[in-house]
Structure formats: C-alpha cells, structure tokens
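To start, the structure under review is shown below, and the notes come after it.
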Amino acid sequence: MKIPEGVARQYRAASNLRARMQLHERFGVSAQPWMAWVMDQFALPAQARILEVGCGVGKLWQENAHRLPPGWDVTLTDQSAGMLAQAQANLAGAGHPFQFEQVDVQSLPYAGETFDAVVANHMLYHVPDLPAALGEIRRVLKPRGALIAATNGERHMVELHELVERFAPEVASHRWREAFSLETGLALLAPFFVDVEQRRYTGGLRVTEAEPLVAYIMSTELIPADQRSQLTRFFQAELDCSGGVIAFQQDTGLFRAVK
Ligand SMILES: C[S@@+](CC[C@H](N)C(=O)[O-])C[C@H]1O[C@@H](n2cnc3c(N)ncnc32)[C@H](O)[C@@H]1O
C-alpha cells in the first residue's frame, strides 16, 4: 500500500522530527534517556544482524554508539531519502559500520530468516497496511528472532493535547490517537508473534519555554502556519499562570515479540 501523502510530506526532511525530539531532549526529566532504555531491551548476543525500519535520523544508534558490540551488523532503513541522508551524516563519526537503505517496511527487500532482531521505533503507527508490515518483519526474522516495536499509549503528552484543543477546539482528540499503540499493540502483534511482552518507560517533561512547545506543535501541521504567533502568546500565558513550568506525562514503551 502506498505511503500516505501526509507521512511522506511530514518526513521528507528531518526538521519536523527534530523539533519534536528537541522538546524531549531539552525538557525531559526521566532517570534514563529514552534511546538508552530502548537499547537496554534488546537482549541480543555479541554477534547479531539487526534491521531498523523507519530509522528517522538514526538517533537510536547515535546515542548508543559508545556501547555497540563490534559484532553487531546493523542496517538502517526508512521510506524517506531525506531522513536516511541525515542518519548517514549523524552516524558518520560513530565508529561503527552501518548500512543504509531506502525501504518501505510493507515490502522488505531481504531474504527470509536474515535478521536476529528488527527494531521499529515509533513508526508502525504510520504504516497503512500493518498486517503486510508485520508479515514482512516476521518473514525476515530468523526463528526465535525478536521484534522490538516502540510506540505511545493514549495518555502520552495528554496535557499538551488538551492545551492544543483549548487553543483550537476543531483539533479533535481522535486525530492524535494512534492505530498501533500501547493499548492496541498486543492484539495486533499476536497473529504474527509469540511471547509478546509489553514494557513501559517511565518519564515526563517539565517545559519552561513557549517557543519549543510552539515548534513541536507546528511540526505536526495540525495548526495553520499563520496562527504561530497567536499560539506562542497562548503558551506563554499558560506558562505565566502555571508558575513558569508546564508538566507533561510520557506514556510510552515498547513490545518485545518473538518469531
Ligand atoms: C516518528 S519517526 C521515528 C524515527 C526514529 N525511529 C526515532 O525513533 O527517532 C517515524 C519514521 O518512520 C518512517 N516511516 C513512516 N512510514 C514508513 C514506512 N512505511 N516504511 C518505512 N519507514 C516509514 C518515517 O519516514 C520516519 O522517519
């Protein structure tokens, strides 16, 4: 099935994703950074072939570069050439060899039983034909290979959703809801995998500036560009009457599923 136009536009270049990542990087208050936590869940041997689908700008590998076993053979893929170019640039000095390929997860160009693990970090909710993608991931995994699939739950950043809905009531909450979520993932994975296990990440944000919040919201394209300064004033007023800080909950985690 074709990549939806909205997804292709959203991820043509790295700027939208970068705005969202920066909010987490600057204002996250978790004990352990997200990407480090994700890698902790891998539980893979020192020699392993790993495929990442929807790798974005390669953050997972950039942030964990210092602890990658030399025997890990890693292939990063994404449907967006722009994302892959940025990932390649980000990982140029990582000191580990990586392969990069422009690939749609719904149709993987790899032989069956090739990989020990497939990572799908916050991307399955973008895929129009999820059964096709899960079937492909299953096919390329070796027997007992693992899928690590990260996603959000329905309470993720709920305070931000509420603020946006107050600013623009026509942005109904269902537009934020994801098809592949912590609530739905188990049922969606069960036909393809065994031993599906959910693991939750504990984290949150304490945001003290309006502009990074505006950049985050504008990156989602939910609010028209000409309302940017109005949105800035709205967030600034919220900060002013909340003692200069707004707290957001992160409801996020992953599924580890075995072939
Ligand atoms: C929210 S970003 C996550 C990026 C990265 N995994 C991370 O966690 O930073 C989603 C990524 O999935 C990619 N993507 C969306 N649909 C895809 C598909 N059908 N096949 C491969 N990649 C896809 C997008 O281009 C984008 O880079």
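All residue numbers for the sequence shown refer to this note's numbering, where the first residue is 3 and numbers rise by one.
Glycine included, each C-beta is placed from N, C-alpha and C at the ideal position.
Keep in mind that this is a model prediction, so the values were computed, not measured.
Quick one: complete beta strand (DSSP E) runs, 3+ long, within the segment 55 to 142?
Entirely contained in the segment 55 to 142, the beta strand (DSSP E) runs reaching 3 residues are, in chain order, 74 to 80, 100 to 104 and 117 to 123.
Beta carbon of F237, beta carbon of L162: below 7 Å?
Your numbering for residue 237 matches position 235 in the sequence shown. Your numbering for residue 162 matches position 160 in the sequence shown. Cβ distance not < 7 Å, so F237 and L162 don't count as in contact.
Looking at H26 and ligand 1, is the gap between the Cβ and the nearest heavy atom below 6 Å?
Sequence index remark: in the sequence shown, residue 26 carries index 24 (1-based). H26: no, Cβ never under 6 Å from ligand 1.
If you measure from the CB of S82, is any heavy atom of ligand 1 nearer than 6 Å?
For the purposes of this step, residue 82 is taken as residue 80 along the sequence shown, with counting starting at 1. Yes - ligand 1 has a heavy atom lying nearer than 6 Å to the Cβ of S82.
Excluding the 5 residues flanking Q191 on each side, which residues of the same chain have their C-beta closer than 8 Å to its C-beta?
Counted from its first residue, the sequence shown places residue 191 at position 189. According to the sequence provided, residue 191 is Leu. The question's Gln does not apply to it. Counting only Cβ-Cβ distances below 8 Å, and skipping sequence neighbours, we find L136, L149, A151, V198, F257 and A259.
E199 bridges to which residues according to DSSP?
Translated into positions along the sequence shown, residue 199 becomes position 197. In DSSP, E199 forms a bridge with R258.
Considering just the uninterrupted stretch of the alpha helix (DSSP H) at M23, what are its terminal residues?
Taking the first residue of the sequence shown as 1, we reach residue 23 at position 21. S17 to F29 is the span of the alpha helix (DSSP H), which, as asked, contains M23.
Does the separation of the CB atoms of G60 and A89 fall below 7 Å?
Taking the sequence shown and counting its residues from 1, one reaches residue 60 at position 58. Taking the sequence shown and counting its residues from 1, one reaches residue 89 at position 87. Yes.
Given a cut-off of 7 Å on the beta-carbon distance, is the pair S73 and Q43 in contact?
Position 71 of the sequence shown, counting from 1, holds the residue named residue 73. Position 41 of the sequence shown, counting from 1, holds the residue named residue 43. Just to set this straight, residue 73 is Gly in the shown sequence, not Ser. Not a contact, by the Cβ cut-off of 7 Å.
Could you tell me whether any non-hydrogen atom of ligand 1 is closer than 6 Å to the CB of N66?
Here residue 66 is taken as the residue at index 64 of the sequence shown, counted from 1. For ligand 1, not one heavy atom lies less than 6 Å from the Cβ of N66.
Where does Q34 fall in DSSP's three states?
By one-based count along the sequence shown, residue 34 stands at place 32. Coil, per DSSP.
Excluding sequence positions up to five away, which residues of its chain have a Cβ less than 7 Å from the Cβ of D118?
Locating residue 118 in the sequence shown gives position 116, counting from the first residue. L46, A50, R51, I52, K144 and G147.
So the alpha helix (DSSP H) E167 belongs to, where does it begin and stop?
Position 165 of the sequence shown holds residue 167. From DSSP, the alpha helix (DSSP H) with E167 extends over V160 to F169.
In whole angstroms, what is the alpha-carbon distance linking G97 and E27?
Taking the sequence shown and counting its residues from 1, the one referred to as residue 97 is at position 95. Taking the sequence shown and counting its residues from 1, the one referred to as residue 27 is at position 25. Answer to the nearest angstrom: the Cα atoms are 23 Å apart.
Looking only at its own chain, which residues have a Cβ that is under 7 Å from the Cβ of V216, when we skip the five neighbours before and after it?
Counting from one through the sequence shown, the residue named residue 216 turns up at place 214. Here the set comprises R230, L233, T234 and F237.
Leaving out the 5 sequence neighbours to the left and right, which residues in its chain are closer than 7 Å to E180 when beta-carbon positions are compared?
As a working note, residue 180 is residue 178 in the sequence shown. Correct list, in chain order: Y127, T153 and N154.
Going by DSSP, what residues sit across from G187 in a beta bridge?
Counting from 1 along the sequence shown, the entry for residue 187 is found at position 185. BP columns for G187 are empty, so no partner.
State the Cα-Cα distance for the pair D253 and T204, rounded to the nearest angstrom.
For the purposes of this step, residue 253 is identified with residue 251 of the sequence shown, where counting begins at 1. For the purposes of this step, residue 204 is identified with residue 202 of the sequence shown, where counting begins at 1. Cα to Cα, D253 sits roughly 8 Å from T204.
According to DSSP, is R51 helix, strand or coil?
Within the sequence shown, numbered from 1, the residue matching residue 51 stands at position 49. Note: R51 maps to strand in three-state DSSP.
How many whole angstroms separate the CB atoms of G1 and L207, which I take to be in contact at a CB cut-off of 8 Å?
The structure shown has nothing for residue 1, since the chain only spans 3 to 261.
Could you tell me which residues DSSP pairs with R208 in its beta bridges?
As a first step, residue 208 must be located in the sequence shown, where it is residue number 206. DSSP, once it has assigned bridges, lists A249 as partnering R208.
Looking at the unbroken alpha helix (DSSP H) that takes in R11, where does it start and where does it end?
Within the sequence shown, numbered from 1, the residue matching residue 11 stands at position 9. Segment E7 to Q12, the alpha helix (DSSP H) holding R11.
Taking all protein chains shown into account, do 16 or more other C-beta atoms lie within 10 angstroms of the C-beta of C57, making it buried, or fewer, making it exposed?
As a working mapping, residue 57 is identified with position 55 in the sequence shown. With 16 or more Cβ atoms within 10 Å of its Cβ, C57 is classed as buried.
Measuring straight from C-alpha to C-alpha, what distance separates N123 and Y13?
By 1-based counting over the sequence shown, the position of residue 123 is 121. By 1-based counting over the sequence shown, the position of residue 13 is 11. Spanning the two alpha carbons is a distance of roughly 15 Å.
Is it right to say D228 is buried, meaning 16 or more other beta carbons lie within 10 angstroms of its own, or is it exposed?
Here residue 228 is taken as the residue at index 226 of the sequence shown, counted from 1. Burial call: exposed.
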